[in-house]
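Peer 1:
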């Protein structure tokens, strides 16, 4: 399932497209980079949330410091999604 989220960074709001994929042991958020962040983020970026964990996993080495700020803002929004978008139950793509 594709979902748009809004993040606020330095007082400016940005729309971010996220594809949500459920796996048996985790949920993966495939984040699509907005063109404004071409130098801070790769074109697509995955955030993984293991089934029984509250904290995300992602490759921070691929990011600039600003990129890490962006991903923290993205995760803040993703972590507030209702269970059907946050990995509660089911399997496969939603």
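In the working numbering, the protein residues as written are 664 to 757.
All residues carry an ideal CB built from backbone N, CA and C; glycine is no exception.
Starting from residue 650 and walking both ways along the alpha helix (DSSP H), at which residues does that stretch end?
Peer 2: This structure leaves residue 650 out entirely; the chain is present only between 664 and 757.
Peer 1: Less than 9 Å separating the beta-carbons of residue 683 and residue 666?
Peer 2: Against a cut-off of 9 Å, the Cβ pair of residue 666 and residue 683 comes out as a contact.
Peer 1: Can you tell me whether residue 718 is helix, strand or coil according to DSSP?
Peer 2: Reduced to three states, the DSSP call for residue 718 is coil.
Peer 1: Under the rule that 16 or more other beta-carbon atoms within 10 Å means buried, what is residue 734, buried or exposed?
Peer 2: By the neighbour-count rule (16 or more Cβ atoms within 10 Å), residue 734 is buried.
Peer 1: At what residues does the alpha helix (DSSP H) containing residue 689 begin and finish?
Peer 2: Not the alpha helix (DSSP H): residue 689 falls in the beta strand (DSSP E), residues 689–695.
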